[in-house]
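Single-structure report; data block below.
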Amino acid sequence: MRIGVVTFPGSLDDRSALRAIELAGGTPVPLFHGTNDLKEVQAVVLPGGFSYGDYLRCGAISRFSPIMESIILAAEHGFPVLGICNGFQILCESHLLPGALTRNADLHFICADQRVSVENTDTPWTRGYTKGQEIVIPIKNGEGSFQCSDETLQELEDEGRVVLRYVGKNPNGSRNSIAGISNKRGNVVGVMPHPEQAIEHLTGPSEDGLNFFSSILKEMVGR
Amino acid sequence: MAIIVVEVMLKPEILDPQGQAVASALPRLGFTFAKSVRQGKRFEIEVDGEPTHAQLEEIEKAAHTLLSNPVIENFVVKVEK
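If you read the protein sequences in the order shown, they are chains S and F. Under the working numbering, the first residue of the first sequence carries the number 1, and numbering increases by one thereafter. Under the working numbering, the first residue of the second sequence carries the number 1001, and numbering increases by one thereafter.
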């Protein structure tokens, strides 16, 4: 099962994502922002980091890279995409996901182990979890506050498209403590916390994040 | 030569923690006039000669697709000489 990870100029967590895919039992495939070649991967991860230095707005410039043209087109036809942190910001800028990520309410860059609950297990990236399951994975961002219009918020809640929600104190002012969402079809998921940084006890606070990658692999085998 | 200015501001309903931080720093320096502060971005785009109607339309389009994020921001386009 080939799963791609895109490296943009300024990506940081691309290697961690590749490693997580390998650990989950898949074949990680590095992809490059400057071409539109998806190298026959069956799903794609947009990793965390500071693509294009976060210039203009986080994800605003990456959204127009050649690889994103291919990904946007494929995603509209059901191709599974997971955006983590900066990847989530890119998905919002691409309009594959609604809303936007803005400066954390207290202006701090937050780096912490965060408890979140998995609220939507009906996506190819989260099917391995049980609904309402609480997991601990790291957050590390300065612009993680999820904002959207009242109508969009209502739609996300009514359609059960909130994938992850912060448990306890809202760390960054996100509306309804939202930490991750999906598109209507469920194939595109964006999360601010980093599941790829919680895949083994040696390097992370838990192994709770690995299921994102096992879930997609299981989904692909089942097809 | 003219400068086309695009000003981008967060929509009024979107939380602006940077503006709030500036607003709370002002009185510490003795500036007590500000009821609130909102922070935005200003782009200055240089063009040859007088900007044409077509150019301004292009800039509107660019402001909508790249310079601003219409989900959270509004923009205005002005010409300065």
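Each residue gets a CB set at the ideal place from its N, CA and C atoms; glycine is no exception.
TODO: Flag this pair as yes or no: are the beta carbons of H194 of chain S and P138 of chain S separated by less than 8 Å?
DONE: yes
TODO: Return the bridge partner residues of I139 of chain S from the DSSP annotation.
DONE: S:A112
Task: Contacts that T102 of chain S makes with chain F (C-beta to C-beta distance below 9 Å) - done: L1010, I1014, L1015, D1016, P1017 and I1072
TODO: Measure the alpha-carbon distance for I181 of chain S versus E1050 of chain F and round it to whole angstroms.
DONE: 46 Å
TODO: State the CB to CB distance for the pair T35 of chain S and P9 of chain S, rounded to an integer number of angstroms; the pair is presumed to be in contact (CB under 8 Å).
DONE: No, T35 of chain S and P9 of chain S are not in contact; Cβ-Cβ is about 14 Å, not under 8 Å.
Task: Contacts of L1026 of chain F in chain S (Cβ-Cβ under 9 Å) - done: What L1026 of chain F touches in chain S: nothing, since even the nearest Cβ is about 16 Å away.
TODO: Keeping to the same chain, check which residues put their C-beta closer than 6 Å to that of S206 of chain S; ignore five residues upstream and five downstream.
DONE: V136 and A198
TODO: Measure the alpha-carbon distance for G186 of chain S versus R161 of chain S and round it to whole angstroms.
DONE: 8 Å
Task: Contact with chain S by L1066 of chain F, beta-carbon distance below 8 Å - done: yes
- [ ] Using 10 angstroms around the beta-carbon of Q42 of chain S, count the other beta-carbons present and answer buried if the total reaches 16, otherwise exposed.
- [x] buried
- [ ] For the alpha helix (DSSP H) containing I216 of chain S, list its first residue and its last residue.
- [x] L210 to V221
Task: Under 8 Å between C-beta atoms of L1066 of chain F and A60 of chain S - done: yes
Task: Option nearest G1040 of chain F by Cα separation, candidates F:A1054, F:L1015, F:A1062 and F:T1052 - done: F:L1015
Open item on the list: Counting only C-beta atoms, is A1034 of chain F closer than 8 Å to chain S at any point?
Closed with: no
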